[in-house]
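One structure is given here, and the rest of the page talks about it.
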Amino acid sequence: DAGVTQSPTHLIKTRGQQVTLRCSPKSGHDTVSWYQQALGQGPQFIFQYYEEEERQRGNFPDRFSGHQFPNYSSELNVNALLLGDSALYLCASSRGGETQYFGPGTRLLVL
Amino acid sequence: AQSVTQLGSHVSVSEGALVLLRCNYSSSVPPYLFWYVQYPNQGLQLLLKYTSAATLVKGINGFEAEFKKSETSFHLTKPSAHMSDAAEYFCAVNSGGSNYKLTFGKGTLLTVNP
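Chains as they are written, first to last, in this note's numbering: chain A, 64 to 174; chain B, -14 to 99.
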């Protein structure tokens, strides 16, 4: 049983660029959440998608946007990258939103 | 509003000693509580969860946690530390209902000395 998968594993971008991160949920899960984990910090909730709609959003600017596809996979897009966007981006999947299972993450470095 | 406080950013124990990692939460409604472990350069792995059933919760790798409503605590314990337990541990709360986000503590780094 494949767990949550994310791609790419690592990414280097420059300020002002745009980035797209991808996530495939665990089999049987219909909900995807995204978190940002800065170095030395706990993960911070960005948003959650369910039935292809954004169900809840954390305190992140509109530069952060997402999408969920009919097969439940999801993308996180970040526009106009800032140095402060450098972090580990974690995707978590769940069935209905209760217990969330995390993927390995995508490490983004903005130069 | 919900929040989590993990007391001690770094805990060091000897192999075979008791592990105690502290977590206090704040939630306006009965919470769901979780402990996750993160090994270097990896994602988060679920250790255990409390979802209003038994107050003593057993998880993987010999860990357990006890929900104490009166103390708003959910401390993580393991009777005997193993070298492989060295990792970062995160406590998280979800207030349920229409609030789906997990709110995490800042984490506790556990080191195990031989």
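Cβ atoms here follow ideal geometry from the backbone N, Cα and C, with glycine treated the same way.
| query | Which word fits Asp125 of chain A, buried or exposed, when buried means at least 16 other C-beta atoms lie within 10 angstroms of its C-beta? | reply | It counts as exposed.
Kindly indicate if chain A contains any beta-carbon less than 8 Å away from that of Phe89 of chain B. Yes, because at least one Cβ of chain A sits closer than 8 Å to the Cβ of Phe89 of chain B.
- For Val78 of chain B, which option in A:Glu114, A:Leu102, A:Phe108 has the closest C-alpha, if you only look at C-alpha atoms? It is A:Phe108 whose Cα lies nearest to the Cα of Val78 of chain B.
* By Cβ distance, which residues of its chain are closer than 7 Å to Val(-11) of chain B, with the 5 residues on each side in sequence left out? -> Cβ within range, chain order: Cys8, Tyr10, Cys76, Ala77, Val78, Thr88, Phe89, Gly90.
Counting only beta-carbon separations shorter than 8 Å, does Arg118 of chain A have a partner in chain B? Residue-level contact by beta carbon holds for Arg118 of chain A and chain B, with a gap shorter than 8 Å.
| Thinking just about the alpha-carbon of each residue, which of A:Leu145, A:His92, A:Leu171, A:His130 is nearest to the one in Ala155 of chain A? | Ranking A:Leu145, A:His92, A:Leu171, A:His130 by Cα distance to Ala155 of chain A puts A:His92 first.
request  = Taking only the alpha-carbon atoms, compute the straight-line gap between Leu151 of chain A and Lys54 of chain B and give it to the nearest angstrom.
outcome  = Leu151 of chain A and Lys54 of chain B: Cα-Cα distance of roughly 33 Å.
query: Which chain A residues sit within Cβ distance under 8 Å of Gln27 of chain B?
result: The contacting residues are Pro167, Gly168.
Notebook entry, point to check: For a contact meaning CB atoms closer than 8 Å, what does Lys86 of chain B contact in chain D?
Noted result: In the structure shown, chain D does not exist; the protein chains are A and B.
Q. Rounded C-beta distance between Thr169 of chain A and Leu74 of chain A? I'm assuming under 8 Å.
A. About 6 Å separates the beta carbon of Thr169 of chain A from that of Leu74 of chain A, a gap short enough to meet the 8 Å contact definition.
- Per DSSP, Asn79 of chain B is paired with what? Note: Asn79 of chain B sits in a beta bridge opposite B:Tyr17.
Worksheet entry | Reference Thr83 of chain A, options A:Thr94, A:Gln69, A:Val95, A:Ser90, closest by Cα | Check the Cα spacing between Thr83 of chain A and each of A:Thr94, A:Gln69, A:Val95, A:Ser90: the tightest is with A:Gln69.
Can you grab the Cα-Cα spacing for the pair Glu51 of chain B / Leu(-8) of chain B, in whole Å? Roughly 16 Å between the two C-alpha positions.
Worksheet item: If you scan the region 102 to 129 of chain A from start to end, which runs of the alpha helix (DSSP H) of 4 or more residues do you find wholly inside it?
Response: None, since the region 102 to 129 of chain A contains no complete alpha helix (DSSP H) of that length.
In angstroms, rounded to a whole number, what distance separates the CA positions of Ser37 of chain B and Thr162 of chain A?
Each residue's alpha carbon lies about 13 Å from the other.
Inset, instruction - Please state whether DSSP places Asn142 of chain A in a helix, a strand or coil. - result: DSSP places Asn142 of chain A in coil when its eight states are reduced to three.
Practice task
Go through its chain and collect everything with a Cβ distance to Gln30 of chain B's Cβ below 6 Å, but skip five positions before and after it.
Solution key: Excluding positions up to five away in sequence, the list reads Val22.
Self-check item: Nearest candidate by alpha-carbon position, reference Ser69 of chain B, set B:Leu33, B:Leu94, B:Ala39
Solution: Per the Cα distances, B:Leu94.
task = Would you list, in chain order, the members of the region 136 to 158 of chain A that have their beta-carbon closer than 9 Å to a beta-carbon of chain B?
result = The residues in question are Leu151, Leu153, Cys154, Ala155, Ser157.
Discussion item. Please list the terminal residues of the continuous beta strand (DSSP E) segment that includes Gln30 of chain B.
Written reply: Annotation for Gln30 of chain B: the continuous beta strand (DSSP E) segment containing it runs 29 to 35.
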